[in-house]
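Enquirer: Numbering of the sequence shown is given in full-length UniProt numbering, commencing with residue 1 and proceeding in unit increments. Just so it is clear, CB atoms sit at the ideal spot from N, CA and C, and this is done for glycine as well. I'd like to ask some things about the structure below.
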Amino acid sequence: MDLFTQGHALAELPSQEEVSCFLKEVRHCTACAGKLPFAPRPVLDFSPDARILIAGQAPGTRVHETGIPFNDASGERLRSWLNMSRDEFYNPHKIAIVPMAFCYPGVLPKGGDKPPPPECAALWRQRVLALLPNIRLTLLVGAYSQTYALGKGKVYERTLAFRDYLPRYFPLPHPSWRTGAWERHTPAFQDDVLPALRQAVTQALSA
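What follows is the structure in structure tokens.
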């Protein structure tokens, strides 16, 4: 038997009207507008029949410009971890991409993106999760989604201890260039974490 319960019945999906109304509401949200460097442009992508949820932190500048989640170097790194093509990654019937904040938050004075404004998750997170009844695996990508789902902890330690969180969650570091040095100096990531990640993803999509 694999990680996922055999015979786990699929839940009834919300109507397309429910989903469309929700997305229309999100796209008109201005709750964080006063904190943002640009006009709000929420970026998320999902269909209610998705089996995997990717919970990242917030869009970067390129994602803000294009409106496509993970359409940047971080996305390339994440797709390489998953061993997944762009076509499969951007298939909303398989993969829901719902970050902790939907809009680009801006840059910190010393560099790096600002944290996701907490107002976004408070307003929208539980509502969007209710529209995703058949998620089999959630990839907690980075500190903010891990803290939201699991409480405080250390990202790299959680990544290496991923088995403690299966089958519901798979914690991962944020796939930025900063993670590259840790990845190169942590053989267990390539040897243990990534093969297990790819197996968990395959099983979730076929469950």
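Using a 10 Å radius around the Cβ and a threshold of 16 neighbouring Cβ atoms, would you call PHE189 buried or exposed?
Expert: With 16 or more other Cβ atoms within 10 Å, it is buried.
Enquirer: Pair every Cβ in the stretch 149 to 169 with every Cβ in the stretch 60 to 78, then say whether three or more of these pairs are closer than 8 Å.
Expert: The stretch 149 to 169 is not in contact with the stretch 60 to 78.
Enquirer: If you draw a straight line from the alpha carbon of LEU137 to that of THR186, how long is it in whole angstroms?
Expert: So the alpha carbons of these two residues sit roughly 24 Å apart.
Enquirer: Counting beta carbon pairs with one atom in the stretch 39 to 49 and one in the stretch 126 to 146, are three or more of them shorter than 8 Å?
Expert: Yes: at least three Cβ pairs fall under 8 Å.
Enquirer: With burial defined as no fewer than 16 other Cβ atoms inside 10 Å of the residue's Cβ, what is the status of ALA11: buried or exposed?
Expert: It counts as exposed.
Enquirer: Whole-angstrom Cβ separation of TYR144 and MET100, contact assumed at under 8 Å?
Expert: Yes, TYR144 and MET100 are in contact; Cβ-Cβ is about 5 Å, under 8 Å.
Enquirer: Give me whichever residues DSSP pairs with ILE52 in a beta bridge.
Expert: DSSP output for ILE52 lists ILE95 and LEU137 as bridge partner(s).
Enquirer: When the Cα atoms are used, what is the spatial distance from PRO195 to THR61?
Expert: Approximately 31 Å between the Cα atoms of the pair.
Enquirer: Rounded to whole angstroms, what is the Cα-Cα separation between ARG27 and ALA130?
Expert: In a straight line, the C-alpha of ARG27 is about 18 Å away from that of ALA130.
Enquirer: Evaluate contact between the stretch 85 to 96 and the stretch 33 to 43, counting only Cβ atoms and requiring at least three cross-stretch pairs below 8 Å.
Expert: At 8 Å Cβ cutoff, the stretches do not touch.
Enquirer: Which stretch, first to last residue, makes up the alpha helix (DSSP H) that contains PRO195?
Expert: Here the alpha helix (DSSP H) through PRO195 covers 194 to 206.
Enquirer: What do you get for ALA58, buried or exposed, if any count of 16 or more other CB atoms within 10 angstroms of its CB means buried?
Expert: Answer is buried; the Cβ neighbour count reaches 16.
Enquirer: Under a Cβ-count criterion, where at least 16 other Cβ atoms within 10 Å of its own Cβ denotes burial, should PHE38 be classed as buried or exposed?
Expert: So PHE38 ends up on the exposed side.
Enquirer: Count the other CB atoms within 10 Å of the CB of LEU139; is the residue buried (16 or more) or exposed (fewer)?
Expert: Result: buried.
Enquirer: How would you label ARG168, buried or exposed, when you count the other beta carbons within 10 angstroms and need 16 or more for buried?
Expert: By the 10 Å Cβ count, ARG168 comes out exposed.
Enquirer: If you count every other CB in all the chains shown that lies within 10 Å of the CB of THR30, and 16 or more means buried, which is it?
Expert: Exposed.
Enquirer: In terms of residues, what are the limits of the alpha helix (DSSP H) holding TYR156?
Expert: Per DSSP, TYR156 belongs to the alpha helix (DSSP H) from 155 to 160.
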